[in-house]
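The opening residue of the sequence shown carries number 687 in the numbering used here; numbering runs sequentially from there.
Accompanying notes for the structure given below.
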Amino acid sequence: MATKNDESTFVYVTFIRTSPERLWSALTDPDFMKQYWFGVHFRTDWKPGARWEMLYSDGRVTDAGEIIEFDPPKRIVLKWHHELRPELKAEGFAYCTIELEPVSDAVKLTITHTMNRAESKLIQAVSGGWPRILSNLKSLLETGQIVLKQ
687 MATKNDESTF VYVTFIRTSP ERLWSALTDP DFMKQYWFGV HFRTDWKPGA
737 RWEMLYSDGR VTDAGEIIEF DPPKRIVLKW HHELRPELKA EGFAYCTIEL
787 EPVSDAVKLT ITHTMNRAES KLIQAVSGGW PRILSNLKSL LETGQIVLKQ
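Put into C-alpha coordinates, the structure is as follows:
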(Lines of atoms letter the chains of each structure in order from A and count residues from 1; the text may use other names and numbers.)
(Lines give C-alpha, C1' and ligand atoms only; values in the text may rest on other atoms or scores of the structure.)
Protein backbone atom coordinates (compact mmCIF):
# COMPACT_ATOMS: atom_id res chain seq x y z
CA MET A 1 0.00 0.00 0.00
CA ALA A 2 1.39 3.37 -1.02
CA THR A 3 0.51 6.57 0.79
CA LYS A 4 1.06 10.11 -0.40
CA ASN A 5 0.40 13.07 1.90
CA ASP A 6 -3.35 13.00 1.44
CA GLU A 7 -3.94 9.77 -0.49
CA SER A 8 -3.82 6.02 0.11
CA THR A 9 -3.48 3.59 -2.81
CA PHE A 10 -3.36 -0.17 -3.18
CA VAL A 11 -2.33 -1.67 -6.53
CA TYR A 12 -2.46 -5.37 -7.36
CA VAL A 13 -1.28 -6.85 -10.66
CA THR A 14 -1.64 -10.45 -11.78
CA PHE A 15 -1.47 -12.32 -15.07
CA ILE A 16 -4.23 -14.84 -15.82
CA ARG A 17 -4.04 -17.41 -18.59
CA THR A 18 -7.38 -16.62 -20.24
CA SER A 19 -8.91 -14.26 -22.80
CA PRO A 20 -9.95 -10.67 -22.02
CA GLU A 21 -13.58 -11.61 -22.80
CA ARG A 22 -13.59 -14.59 -20.43
CA LEU A 23 -11.97 -12.55 -17.64
CA TRP A 24 -14.42 -9.69 -18.23
CA SER A 25 -17.32 -12.12 -17.95
CA ALA A 26 -15.88 -13.53 -14.71
CA LEU A 27 -15.61 -10.02 -13.27
CA THR A 28 -19.17 -9.01 -14.18
CA ASP A 29 -21.27 -12.20 -13.93
CA PRO A 30 -22.87 -12.40 -10.45
CA ASP A 31 -23.15 -16.19 -10.38
CA PHE A 32 -19.54 -16.72 -11.42
CA MET A 33 -18.41 -14.02 -9.00
CA LYS A 34 -19.91 -15.90 -6.03
CA GLN A 35 -17.50 -18.78 -6.71
CA TYR A 36 -14.29 -16.79 -6.18
CA TRP A 37 -15.51 -13.86 -4.00
CA PHE A 38 -16.55 -15.96 -0.98
CA GLY A 39 -20.25 -15.98 -1.86
CA VAL A 40 -20.45 -12.22 -2.51
CA HIS A 41 -21.69 -10.82 -5.80
CA PHE A 42 -22.43 -7.50 -7.51
CA ARG A 43 -25.93 -6.26 -8.33
CA THR A 44 -25.92 -3.56 -11.01
CA ASP A 45 -26.86 -2.69 -14.58
CA TRP A 46 -23.16 -2.37 -15.51
CA LYS A 47 -23.37 1.02 -17.20
CA PRO A 48 -21.89 4.43 -16.37
CA GLY A 49 -23.95 6.25 -13.76
CA ALA A 50 -25.60 3.05 -12.49
CA ARG A 51 -25.62 2.18 -8.79
CA TRP A 52 -23.87 -1.02 -7.78
CA GLU A 53 -24.09 -3.04 -4.59
CA MET A 54 -21.99 -5.92 -3.35
CA LEU A 55 -24.20 -8.41 -1.56
CA TYR A 56 -23.74 -11.36 0.73
CA SER A 57 -25.99 -14.35 0.04
CA ASP A 58 -28.22 -13.25 2.96
CA GLY A 59 -28.85 -9.89 1.25
CA ARG A 60 -26.57 -7.72 3.42
CA VAL A 61 -24.84 -4.98 1.44
CA THR A 62 -21.11 -4.93 2.14
CA ASP A 63 -20.11 -2.18 -0.31
CA ALA A 64 -21.94 0.07 -2.78
CA GLY A 65 -21.39 2.99 -5.09
CA GLU A 66 -21.61 4.16 -8.67
CA ILE A 67 -20.15 2.92 -11.93
CA ILE A 68 -18.01 5.77 -13.30
CA GLU A 69 -16.59 4.03 -16.39
CA PHE A 70 -17.52 0.78 -18.11
CA ASP A 71 -15.48 -0.09 -21.22
CA PRO A 72 -15.73 -3.84 -22.03
CA PRO A 73 -13.41 -5.76 -22.02
CA LYS A 74 -10.82 -3.21 -20.90
CA ARG A 75 -11.73 -1.04 -17.93
CA ILE A 76 -14.18 -0.49 -15.08
CA VAL A 77 -13.99 2.44 -12.65
CA LEU A 78 -16.13 2.24 -9.51
CA LYS A 79 -16.89 4.88 -6.92
CA TRP A 80 -16.73 2.68 -3.82
CA HIS A 81 -18.24 3.06 -0.34
CA HIS A 82 -18.01 0.46 2.41
CA GLU A 83 -21.31 -0.15 4.21
CA LEU A 84 -20.74 -2.60 7.10
CA ARG A 85 -17.84 -1.61 9.36
CA PRO A 86 -18.51 1.86 10.87
CA GLU A 87 -14.85 2.93 10.92
CA LEU A 88 -14.51 2.14 7.18
CA LYS A 89 -17.88 3.61 6.26
CA ALA A 90 -16.93 6.89 8.00
CA GLU A 91 -13.98 7.38 5.64
CA GLY A 92 -16.28 8.09 2.68
CA PHE A 93 -15.78 7.15 -0.96
CA ALA A 94 -12.82 5.45 -2.59
CA TYR A 95 -12.26 4.66 -6.26
CA CYS A 96 -11.49 1.25 -7.69
CA THR A 97 -10.11 0.91 -11.22
CA ILE A 98 -10.05 -2.51 -12.88
CA GLU A 99 -7.95 -2.74 -16.04
CA LEU A 100 -7.46 -5.67 -18.42
CA GLU A 101 -4.64 -5.80 -20.97
CA PRO A 102 -3.95 -8.77 -23.27
CA VAL A 103 -0.37 -10.04 -22.96
CA SER A 104 0.51 -13.01 -25.17
CA ASP A 105 -1.79 -15.90 -24.11
CA ALA A 106 -2.77 -14.19 -20.87
CA VAL A 107 -4.42 -11.06 -19.53
CA LYS A 108 -2.73 -8.58 -17.24
CA LEU A 109 -5.29 -7.64 -14.57
CA THR A 110 -4.55 -4.48 -12.58
CA ILE A 111 -6.67 -3.39 -9.62
CA THR A 112 -6.01 0.10 -8.24
CA HIS A 113 -7.97 1.09 -5.14
CA THR A 114 -7.46 4.74 -4.08
CA MET A 115 -8.83 7.04 -1.40
CA ASN A 116 -8.15 10.73 -0.89
CA ARG A 117 -7.17 10.16 2.73
CA ALA A 118 -3.78 9.43 4.24
CA GLU A 119 -3.46 6.07 6.02
CA SER A 120 -6.96 4.95 5.01
CA LYS A 121 -8.32 2.01 7.00
CA LEU A 122 -10.42 1.03 3.97
CA ILE A 123 -7.35 0.82 1.75
CA GLN A 124 -5.61 -1.24 4.46
CA ALA A 125 -8.63 -3.58 4.49
CA VAL A 126 -8.81 -4.02 0.71
CA SER A 127 -5.05 -4.65 0.57
CA GLY A 128 -5.76 -7.85 2.48
CA GLY A 129 -8.92 -8.73 0.57
CA TRP A 130 -7.94 -8.21 -3.07
CA PRO A 131 -5.05 -10.73 -3.08
CA ARG A 132 -7.34 -13.45 -1.67
CA ILE A 133 -10.13 -12.69 -4.14
CA LEU A 134 -7.85 -12.42 -7.17
CA SER A 135 -5.92 -15.59 -6.26
CA ASN A 136 -9.25 -17.42 -6.29
CA LEU A 137 -10.25 -15.80 -9.59
CA LYS A 138 -6.94 -16.70 -11.27
CA SER A 139 -7.04 -20.29 -10.03
CA LEU A 140 -10.71 -20.74 -10.95
CA LEU A 141 -10.16 -19.51 -14.51
CA GLU A 142 -6.95 -21.51 -15.00
CA THR A 143 -7.76 -24.76 -13.15
CA GLY A 144 -11.50 -24.76 -12.41
CA GLN A 145 -10.90 -24.63 -8.63
CA ILE A 146 -10.54 -21.87 -6.04
CA VAL A 147 -7.53 -21.68 -3.70
CA LEU A 148 -9.11 -20.22 -0.54
CA LYS A 149 -12.44 -20.71 1.16
CA GLN A 150 -14.02 -18.10 3.43
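Beta carbons: idealized from backbone N, C-alpha and C, even for Gly.
Since we're looking at a predicted model, the values are computed, not measured.
- For P817, the uninterrupted alpha helix (DSSP H) segment begins and ends at K807 to T829.
- For secondary structure counted as the beta strand (DSSP E) over 3 or more consecutive residues, the segment 740-809 holds these complete runs in sequence order: 747-757, 761-768, 780-789 and 792-801.
- Under the three-state reduction of DSSP, T704 is assigned to coil, being neither helix nor strand.
- Assignment of W723 by DSSP, reduced to helix, strand and coil, places it in the coil class.
- Around L827, the same chain offers I702, R703, T704, R708, L709 and A712 as residues with beta carbons nearer than 8 Å, after the five sequence neighbours per side are excluded.
- Under DSSP, F728 takes part in a beta bridge, and its partners are M740.
- When the beta-carbon positions are compared, L774 and L741 stay at least 7 Å from each other.
- With fewer than 16 other Cβ atoms from the protein chains shown falling within 10 Å of its own Cβ, D717 counts as exposed.
- Taking a contact as a CB-CB distance under 8 Å, the pair Q721 and I832 counts as one, their CB atoms being some 7 Å apart.
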